[in-house]
Amino acid sequence: MTTRVRVRGIYATALTHVLLAGGHEVVQASPPIRRRFDAKFDDTDHDVTVETTDDRQGVGVVGAPDELERVTGELRVATDTLAWLSPTPTGAVFDARVVETLGGGAVCALGAGEGYLPYGATDQHVEEGDDLRVQVRADQPPWGRNRAELGTTLEAEAGLATLVAGRNGVTVDTRDDAAGRELAGMTDLLGVDVPDGWGIRWRHAATDADMETLRASLEAAVDRAAALESVRNEPVGEPGSRAEPAATSWVWFGRESRFALDDHRREVTTTMPGHHRTKAASEAASAGVDFAEALCVPEGEFPFGVVTRQFGPVEGDTVSIGHGKPDGRLITLGRGEVVEHGPDGTLAVRREMGGSGTYDALGVEQERGDVALTKFREGRWWYPTVYRSAEGDLKGTYVNVCTPVECFPDVVRYVDLHVDVVKHADGSVERVDDDELDAAVEAGEMSEELAAKARSVASSLENAL
476 MTTRVRVRGI YATALTHVLL AGGHEVVQAS PPIRRRFDAK FDDTDHDVTV
526 ETTDDRQGVG VVGAPDELER VTGELRVATD TLAWLSPTPT GAVFDARVVE
576 TLGGGAVCAL GAGEGYLPYG ATDQHVEEGD DLRVQVRADQ PPWGRNRAEL
626 GTTLEAEAGL ATLVAGRNGV TVDTRDDAAG RELAGMTDLL GVDVPDGWGI
676 RWRHAATDAD METLRASLEA AVDRAAALES VRNEPVGEPG SRAEPAATSW
726 VWFGRESRFA LDDHRREVTT TMPGHHRTKA ASEAASAGVD FAEALCVPEG
776 EFPFGVVTRQ FGPVEGDTVS IGHGKPDGRL ITLGRGEVVE HGPDGTLAVR
826 REMGGSGTYD ALGVEQERGD VALTKFREGR WWYPTVYRSA EGDLKGTYVN
876 VCTPVECFPD VVRYVDLHVD VVKHADGSVE RVDDDELDAA VEAGEMSEEL
926 AAKARSVASS LENAL
C-alpha cells in the first residue's frame, strides 16, 4: 500500500531513495530533492512526516498507526537501526496533573510518562497539584533529556490544515503576505463545514496546493476535530490518555545505518565517505560536508545554499544593501533582516522605513512604520522591492535593474544600471530612467553592451508585470 510521506532534514535524500524504492510516494519535496531525483513530486497532502531530530541522531515519524508502522519498517536500513513507539505521540490529548513548577513552566504527570507545559502555552494559572487537560505539541526522542512539550489549547492537525479550538477565522503560517491573503480568501470556496468554535490554520505549503488537496486536508482536520469535541467538553479526570489521533515513532541510526544511508544517497548524487556520520556531528560539520561535495563537481552551479549556510547570510542575520553606481560610488540603502533563505540563491530582506520623503518613481509618501520586503536572487540581473504601509496596504513595487546580484555574509552587492520598472498600487506599470542610462553610456561609465543588457532586462520585466 502506498503512503504519502513528507521528508525533511539531513537524511532526506537517502530516505527519499529508500521510500521511493519501497513503493511509497514522497510529497512536498524540498528544492534540492526535486533537483536530485528523476521523479515527479506532488504538492499533495501527506499521510506521514519524517523529520530529522534536533541532535541529528535519527528521525521522528508521525502518522496514523498503520501507515506509521509501514514507513518505520522501511527506515530500518541496517542492523543498528533502532525504533521506538512513543507513549506521548504528537497531537495526543492527556488528562494531566502538575507535579512540579519550574521557572518557565510546569512538569505534568500524564500517566504514560511526563510532559512539560510552558507557562506561555496556557491561559490558566498553574500550580502544583492542579489537574488539567493538555495536548502534546512536540514529542521528544527517548534518547534525549527533554520531556514532550504540552499546550492546553486543543488542535486537530491534518497535514496542511489545522483546526484550533476556541479560535475564529483563518490564519496562514507564511511570510508571503499576498499568498496568505489569497489562501484565506479561498477557504470559504472549499465548501467544507467547519464546526463552531474552531479556527483554521494553514501551513505555508498550503499556499502551493490545489483546491482538491486543500479540501481533502480541511475535511480530514474537521474529522479529527469532531473526534476531539467530546474530549474537549468532558471534565478532567485522573492522569491518562484521552485521545491519540496519530502515533509517533523515533528511529535512531547507528554507525552502520549512517553508512548504509550513504550508499542510498550515493545512488542519487555525489556523496563523500562518511557523509551522514559527519553531518550528525554538528551544524558546522554538516555545512562543511555540503561544501566539500559541491566542490567535487566543479562544472556545476555555484553552491549558494552551502556557502551561505557556512558563512552567511542566513535567516535571522542582518545585511546591508550595497547599491553601487556606474560611476564607482557606493550607496548603502540601509540594513534589514533576512527573513527567508533559499538554497536556490534567494534571500528575502525586510526593512522598516524611517518615514520621510517619497518612494522614487512610485510617487507615494514614505511613512513611519512602512515595510519594504526585497527579494534578491544570487546571479539575477534584477530584484523587486514591495512597499507596504504599517497596516499591510500595498504602496507599490519597485524592480531595480542591476548587474548580477551577489549575497555576501553582511552585504548584498550589485551595480545599479539606472533603468527600472515600477508597478503602482493600482496595477499600472511604468518604465523609468532610460535617460539616465543613456547619459551613463555617453559619459563612458558603462559600455553599450552592458546598457543593451539593461534595456533587454527592463523590457522583459515590463512585459512580465
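Residue numbering for the sequence shown follows our numbering, beginning at 476 and increasing consecutively.
The C-beta atom is built at its ideal place from N, Cα and C for all residues, glycine as well.
Give me the Cα-Cα distance between residue i and residue j, rounded to the nearest whole angstrom.
| i | j | result |
| --- | --- | --- |
| PRO778 | THR744 | 14 Å |
| LEU808 | LEU658 | 33 Å |
| GLY538 | GLY634 | 10 Å |
| GLU694 | GLU630 | 14 Å |
| GLY593 | THR576 | It is Pro, not Gly, that sits at residue 593 in the sequence shown. If you take the alpha carbons of PRO593 and THR576, they lie about 10 Å apart. |
| PRO859 | ILE806 | 18 Å |
| ASP663 | HIS899 | 29 Å |
| GLY830 | PRO788 | 27 Å |
| GLU827 | GLY844 | 6 Å |
| ASN938 | GLU704 | 52 Å |
| LEU494 | VAL480 | 8 Å |
| SER903 | LEU837 | 11 Å |
| SER795 | ALA756 | 32 Å |
| ALA504 | LEU689 | 17 Å |
| LYS850 | PHE883 | 15 Å |
| ALA790 | GLY579 | Here residue 790 turns out to be Glu, not Ala, going by the sequence shown. Approximately 26 Å between the Cα atoms of the pair. |
Less than 8 Å between the CB atoms is what I'm expecting for residue i and residue j, so what's the real figure, rounded?
| i | j | result |
| --- | --- | --- |
| ALA571 | PRO714 | 6 Å |
| ARG863 | VAL846 | 5 Å |
| VAL573 | VAL601 | 6 Å |
| GLY533 | PHE728 | 5 Å |
| ASP765 | ARG784 | 7 Å |
| ALA640 | TRP673 | 6 Å |
| ALA735 | VAL887 | So it is not a contact: roughly 41 Å between Cβ atoms. |
| VAL546 | HIS521 | Not quite, the Cβ-Cβ distance comes to about 11 Å (not below 8 Å), so this is no contact. |
| GLY588 | ASP530 | Rounded, the Cβ-Cβ distance is 19 Å, inconsistent with contact. |
| PRO801 | VAL890 | 6 Å |
Going along the chain, which residues of its own chain have a beta-carbon closer than 6 Å to the beta-carbon of residue i, five neighbours each way excluded?
| i | result |
| --- | --- |
| THR793 | ARG810, GLU812 |
| GLY626 | ALA596, GLN610, ARG612 |
| VAL568 | GLN610, VAL706, ARG717, ALA718 |
| ASP606 | ARG572, VAL711 |
Leaving out five residues before and five after residue i in sequence, what residues of the same chain have Cβ atoms less than 8 Å from its Cβ?
| i | result |
| --- | --- |
| ASP910 | none |
| PRO564 | VAL537, VAL611, ASP614, GLU719, ALA721, ALA722, THR723 |
| ARG474 | Lying before the first or after the last residue shown, residue 474 is absent from the chain, which here runs from 476 to 940. |
| ALA760 | THR753, LYS754 |
Based on DSSP bridge pairs, tell me the residues matched to residue i.
| i | result |
| --- | --- |
| ILE796 | VAL887 |
| LYS850 | ALA823 |
| ASP606 | ARG572 |
| TYR858 | ASN875 |
| ARG483 | GLU526 |
| GLU881 | ARG888 |
| TRP725 | GLY535, TRP559 |
Once the 5 residues before and after residue i are set aside, which same chain residues still bring their CB inside 7 Å of it?
| i | result |
| --- | --- |
| ALA762 | VAL781, ARG784, GLN785 |
| THR554 | GLU731 |
| ALA584 | ALA571, ARG572, VAL574, PRO714 |
| ALA514 | LEU495 |
| THR628 | VAL639, ALA640, GLY641 |
| ASN643 | GLY674 |
| GLY941 | Summary: the structure shown does not reach residue 941, with the chain confined to residues 476 through 940, and so no result is reported for it. |
| THR637 | GLU630, ALA631, ARG676, ALA696 |
Subject >> Ranges of the beta strand (DSSP E) found wholly within the segment 541-577, counting only runs of at least 3 >> reply: List check, beta strand (DSSP E) in window: 556-560, 568-576.
**OP:** Report the residue ranges of all beta strand (DSSP E) runs contained in full by the segment 653-722; include only those spanning at least 3 residues, in chain order.
**Re:** 673-677, 715-718
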